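Protein chains in written order, with my numbering: chain A, 1 to 151; chain B, 1 to 710. The structure appears right after this line, and notes come after that.
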Amino acid sequence: MTTKLKIDGTTYDVTVDEDTPLLWVLREYLNLTGTKYGCGAAQCGACTVLLDGKAIRSCATFLKEIGDKEIMTIANTTDPLLKKIQEAWVEEDVPQCGYCQSGQIMNATGLLKANSNPTEEEILAEMNGNICRCGTYNRIKNAIKKINAGA
Amino acid sequence: MGLSRRTFLKNTALVSSAFIVGFYLPVKARADEGAKEILHPNAFIKIDADNTITFLMGQAEMGQGTYTALAMCIADELDADWEAVHFQASGIDPVYNSVFGPWMLTAGSTSISTKQLEMRKVGAAVNEMLKKAAAQKWDAALSDIKTENSHVIHIKTGDKFTYGELVSDIKTMSIPENPELKALKDCSLIGKPTKRHPSEAWAKVTGQTEYGIDVRMDNLKYAAVLHPAVFGATIVSFDPSEALKRDGILKIKQIPTGIAVIAEHWFQAKEALNHINVVWDKGEFAKISSEDIRKEYDALLDKPGASMRHDGNTAKAFKEAHSIISADYEFPFLAHAPMEPLNCTVHHTGDSAKMWTGGQVQTVYRNVCAEILGLKPEAVEYNNTFLGGGFGRRAAANADYIKDAIYTAKDEAWPIMTLWTREDDIRMGNYRPMYKNKARLALNQYGDITAFEAKVVGQPVVKDTILGFLFKDGVDWAQWDGLTDHPYSIANHDMQAHSPSSPIPVLWWRSVGHTQTAPLVEGIVDEAAHKAGIDPIAYRISMLDDLRCIKLLLDVQRISDWKNRKKEKNVGYGVAIVKSFGSIVAQVAKVKVTKNDFKVENVWCSVDCGFALNPLNIENQMISGINFGLAATKYSEITIKNGEAEQNNFYDYLVTRISDAPDIQVSIVNSGEKIGGIGETAVPPIFPAVANAIFDATGKRYHSLPIKIS
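Here you go:
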């Protein structure tokens, strides 16, 4: 069946089984490969995207659950907060292998959209679902702390 | 020989059709000698007429910062506009080979130590040629010419050429054999803290980096593989009929390691795996659990093993000892679990093939592909992508996931990406081996160590691999590295190893042998310090002759304010120092122990890698190694039950998360000694530093990993 998806300001029609996780729709049907597969079990956060501004794990969110909600991915080029976070990531020299960073950045975007000035505890609690095997956590913390999301 | 240039041209032409019209130097004097002594700037630098400068990278980028560091070497000497340079993974060619053998290799923290000088010379040679070309055009003296930001400039007139404008002039020039390198004080990049190159960093924060899993092409199909749960199990029969009825399923076939399902989309293939009925012959290993392996290893510990080091008279030293310390150690199997699940894309087109993956051993993977498909190696075009983490896993000695992809795509019309699930990654082996070790120290009346005995039991890692030359006299590199060559001055040694076999494949894991030798050596030396009643740092210094180690311990003592550390309840400080991969790292960990748990609150880390080529990346790699090592210190283990790994995914194979990350302070000591490695060197000391800190906090020694507070 055909489903309409609003992703990063563009509307797509996809013909795919609605029991398919959003992750695979993005990656293989729309070739939006910036969103990553890491575990397929909502354990690592590599697949994080925003759904109406809230961070979700796209590997465990099925197409039928999306409805007309807006999807924002790492490929978004217009969101000012996302841009600011990406700049902070580069400035703090966060990425190493880089594979988890799409998910880290989208999760941080969700966090800062809801809470523009999180405490250290809030950062740790909100970011704890995102694994980075390169261990860039210290840099991630610094980057998030440096962003003045309200400005 | 003479092969290099031709295959190089062919490979790169396939990757980038622009290459041949760019800067290309005919390589002279290649045919009759080995590649080592000759500069091949053309293999590393591409300059287009529009002044676009691209560096071709033979080393794989898996997060360790090699692209940036090697590019700094070229760009600094070349005087290239740093922000504007581009990167491209090279094809396979002997000019990129490792110093260790006839293949490309990114492992052992060797990229910078073995390649930096060559890269500097390459940049300097081309710089010299560009200046010469401009001098001829202007009829000027070389002393009137300088280079800056990818331009040659006439100092007196201010006239400029872009490098691109001089490409046709330098094409026919001979390559200077010994170009003059910049003095360190004149370098703008080398030795300066330099962020990951903006082109790489921006691609990574915007999701545009192409990893193996992101390769896309016309008519691409996807495959998932049903693997046996029990190590060594084989297929008796299988019925794919139910699975074949499902949407998108194109083909199901048996391959050596299991059953491959090829589908229009990967999720369809993966879901179909649950609908294949398989009759397995589970084999003998189905009777084996971790407890059985433990018993087998314990029995071996009681028997004499292959000698790793034997000097002096340990029997006499132990007989005359004032006191003796003995300890038993156990370290579990460990998965690498890089964030990008393992994958490889292969297109078999009859008499040739193409493959795409992010690999640490490009030549080996290419050759495996050629062998399986019955092709000459040159008939396989290998494309290396960025790696979503490696840690040794993407240098698979048995090429397991690569072979899955090759067998799956063999004789098929489509290009096929074979992608492992996270469960495959955790359960299919190629683990850091399980070890059971034993060690004893003899101490004299002053507390000095007079003898060191050790026995290591664990599956060999390098035996029968491309690094097989490191398996000697029945002893594996991963068994002795860091143990037989520990830095302390001790007169008598008896160190032995046993190499049990198992159907569980094992593999080098970030920092290899040091993962089991560092917790042993730095754990038991800490026990000796305590027995002697001497401060752990002062004790280590008293047992050391190695000045670099002594200086580094003093440095970590200073940055951790060790002497003023406060005695708080349930809080402890531990120190460790490990020489690995040509560098030395000393760490102090501060740990807070609670009821059944502990938190590493701070790590102070001093590193001496001889010369810090990119201090910022060294700091990043220290942070990375500490957080990576903490996972195995606190959480990660693969255990075996009835022949299967008991773990599946990140919910039961636990790794470090952001809330576990300690505050980390790094201090770099530039000793000026030979440049060493960095990527793996922060991992080994964190195991013992934490264990020693927990002892300081609780009075209890934890010899085994992961540490479970009891």
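All C-beta atoms in this analysis are idealised placements derived from N, C-alpha and C, irrespective of residue type, glycine included. Predicted model, so just to flag it, every value in this text is computed and none were measured.
Start-to-end residues for the beta strand (DSSP E) that takes in residue 348(B): For the purposes of this step, residue 348(B) is identified with residue 348 of the second sequence, where counting begins at 1. Counting along the chain, the beta strand (DSSP E) containing residue 348(B) begins and ends at 343 to 348.
Secondary structure at residue 57(A), three-state DSSP: helix, strand or coil? As a working mapping, residue 57(A) is identified with position 57 in the first sequence. If DSSP states are grouped into helix, strand and coil, residue 57(A) belongs with the strands.
So is residue 383(B) buried or exposed if we call it buried at 16+ other beta carbons inside 10 Å? Within the second sequence, residue 383(B) is the residue found at index 383, counting from 1. Its Cβ being crowded by 16 or more others within 10 Å, residue 383(B) is buried.
Which residues does DSSP list as the beta-bridge partners of residue 224(B)? Walking along the second sequence from the start, residue 224(B) turns up at place 224. BP columns for residue 224(B) point to 261(B).
Is there a Cβ of chain A sitting closer than 8 Å to that of residue 305(B), yes or no? In the second sequence, counting from the first residue as 1, residue 305(B) sits at position 305. Chain A, which has no Cβ nearer than 8 Å to the Cβ of residue 305(B), makes this no.
Would you kindly work out how many angstroms separate the C-alpha atoms of residue 56(B) and residue 92(B), rounded to a whole number? If you number the second sequence from 1, residue 56(B) lands on position 56. If you number the second sequence from 1, residue 92(B) lands on position 92. Spanning the two alpha carbons is a distance of roughly 11 Å.
Taking 8 Å as the cut-off, does the segment 117 to 126 of chain B touch the segment 68 to 84 of chain B (at least 3 CB pairs, one atom from each stretch)? yes
Contact list for residue 57(A) against chain B, beta-carbon separation under 8 Å: Reading the first sequence from its first residue, position 57 is the one you call residue 57(A). Chain B residues near residue 57(A): none, gap ~12 Å exceeds 8 Å.
Out of curiosity, what's the CA-to-CA distance linking residue 21(A) and residue 342(B)? By one-based count along the first sequence, residue 21(A) stands at place 21. By one-based count along the second sequence, residue 342(B) stands at place 342. Cα to Cα, the separation comes out at about 20 Å.
7 Å Cβ shell around residue 28(B) - same chain, five flanking residues per side excluded: Counted from its first residue, the second sequence places residue 28(B) at position 28. Model confidence at residue 28(B) stands at a pLDDT of 40, short of 50, so the residue's coordinates are unreliable; what they give is reported in the following sentence. 174.
In chain order, what are the residue ranges of uninterrupted beta strand (DSSP E) at least 3 long that sit wholly in the segment 347 to 401 of chain B? Runs found: 353 to 357, 380 to 384.
Below 7 Å, is the gap between the Cβ of residue 368(B) and the nearest heavy atom of the ligand ZN? This structure lacks the ligand ZN, and indeed carries no ligand of any kind.
To the nearest whole angstrom, what separates the beta carbons of residue 617(B) and residue 68(B), a pair I think is in contact under 8 Å? For the purposes of this step, residue 617(B) is taken as residue 617 along the second sequence, with counting starting at 1. For the purposes of this step, residue 68(B) is taken as residue 68 along the second sequence, with counting starting at 1. Indeed they touch by this definition, with Cβ atoms about 7 Å apart.
Counting only beta-carbon separations shorter than 8 Å, does residue 651(B) have a partner in chain A? The residue you call residue 651(B) lines up with position 651 of the second sequence. Judged by the 8 Å Cβ criterion, residue 651(B) is in contact with chain A.
Test: residue 134(B) CB closer than 8 Å to a CB of chain A: If you number the second sequence from 1, residue 134(B) lands on position 134. Closer than 8 Å: no.
Classify residue 142(B): buried if its beta carbon has 16 or more other beta carbons within 10 angstroms, exposed otherwise. Residue 142(B) sits at position 142 when you count from the first residue of the second sequence. By the neighbour-count rule (16 or more Cβ atoms within 10 Å), residue 142(B) is not buried but exposed.
Give me the Cα-Cα distance between residue 455(B) and residue 437(B), rounded to the nearest whole angstrom. Counting from one through the second sequence, the residue named residue 455(B) turns up at place 455. Counting from one through the second sequence, the residue named residue 437(B) turns up at place 437. Going by the C-alpha atoms only, they are around 6 Å apart.
Would you please state the rounded distance, in angstroms, between the beta carbons of residue 435(B) and residue 516(B)? I believe it to be under 8 Å. The sequence position of residue 435(B) within the second sequence is 435, counting from 1. The sequence position of residue 516(B) within the second sequence is 516, counting from 1. That pair is a contact at about 5 Å.
How many angstroms separate the CA atom of residue 567(B) from the CA atom of residue 591(B)? Residue numbering aside, residue 567(B) sits at position 567 when the second sequence is read from its first letter. Residue numbering aside, residue 591(B) sits at position 591 when the second sequence is read from its first letter. About 12 Å.
Pick from 441(B), 86(B), 496(B): whose alpha carbon is nearest that of residue 532(B)? As a first step, residue 532(B) must be located in the second sequence, where it is residue number 532. Nearest C-alpha to residue 532(B): 441(B).
Any idea if residue 161(B) is buried or exposed, counting beta-carbon neighbours within 10 angstroms, 16 or more meaning buried? Residue 161(B) sits at position 161 when you count from the first residue of the second sequence. Result: buried.
Taking Cβ positions only, does residue 60(A) come closer than 8 Å to chain B? Position 60 of the first sequence, counting from 1, holds the residue named residue 60(A). Not closer than 8 Å to any Cβ of chain B, the Cβ of residue 60(A) fails to qualify, so no.
Three or more beta-carbon pairs under 8 Å between the segment 343 to 351 of chain B and the segment 481 to 497 of chain B, yes or no? Verdict: no, contact absent.
DSSP on residue 250(B), reduced to helix/strand/coil? Sequence index remark: in the second sequence, residue 250(B) carries index 250 (1-based). In the structure shown, residue 250(B) sits in a strand (DSSP, three-state: E or B).
Chain D partners of residue 105(A), CB-CB under 8 Å? The chain inventory of the structure shown lacks chain D, comprising the protein chains A and B.
Pull out every residue of the segment 91 to 119 of chain A whose Cβ sits closer than 7 Å to any Cβ of chain B, in chain order. 93, 95, 96, 97, 98, 99, 100, 101, 102, 105
Return the first residue and the last residue of the alpha helix (DSSP H) that residue 540(B) is part of. Locating residue 540(B) in the second sequence gives position 540, counting from the first residue. From DSSP, the alpha helix (DSSP H) with residue 540(B) extends over 536 to 543.
Within 10 Å of its beta-carbon, does residue 217(B) have 16 or more other beta-carbons around it, so buried, or fewer, so exposed? Translated into positions along the second sequence, residue 217(B) becomes position 217. With fewer than 16 other beta carbons inside 10 angstroms of its own, residue 217(B) counts as exposed.
Could you tell me whether the Cβ of residue 65(A) comes closer than 8 Å to any Cβ of chain B? Within the first sequence, numbered from 1, the residue matching residue 65(A) stands at position 65. So, not an interface residue.
Contact list for residue 416(B) against chain A, beta-carbon separation under 9 Å: Your numbering for residue 416(B) matches position 416 in the second sequence. The premise fails here: residue 416(B) is roughly 13 Å from chain A at the closest Cβ pair, so nothing lies under 9 Å.
Need the endpoints of the beta strand (DSSP E) that residue 106(A) sits in, please. Along the first sequence, read from residue 1 onward, the residue named residue 106(A) stands at position 106. If you look at residue 106(A), you'll find it isn't in any beta strand (DSSP E); it sits in the alpha helix (DSSP H) that goes 101 to 114.
For residue 97(A) and residue 629(B), what's the separation of their Cα atoms in angstroms? Taking the first sequence and counting its residues from 1, one reaches residue 97(A) at position 97. Taking the second sequence and counting its residues from 1, one reaches residue 629(B) at position 629. Cα-Cα distance, rounded: 17 Å.
For my contact list, residue 656(B) and residue 135(A) are in at a C-beta cut-off of 8 Å; report their separation, rounded to the angstrom. Counting from one through the second sequence, the residue named residue 656(B) turns up at place 656. Counting from one through the first sequence, the residue named residue 135(A) turns up at place 135. The pair is a contact, with the Cβ atoms about 6 Å apart (cut-off 8 Å).
With a cut-off of 8 Å, does the C-beta of residue 459(B) fall near any C-beta of chain A? For this step, residue 459(B) is matched to residue 459 along the second sequence. No, because no Cβ of chain A sits closer than 8 Å to the Cβ of residue 459(B).
Does residue 127(A) come out as helix, strand or coil in the three-state DSSP assignment? By 1-based counting over the first sequence, the position of residue 127(A) is 127. Helix at residue 127(A).
Proximity test, Cβ basis, 8 Å: residue 47(A) and chain B: On the first sequence, residue 47(A) is found 47 positions in, with the first residue counted as 1. No, residue 47(A) does not count as interfacial toward chain B.
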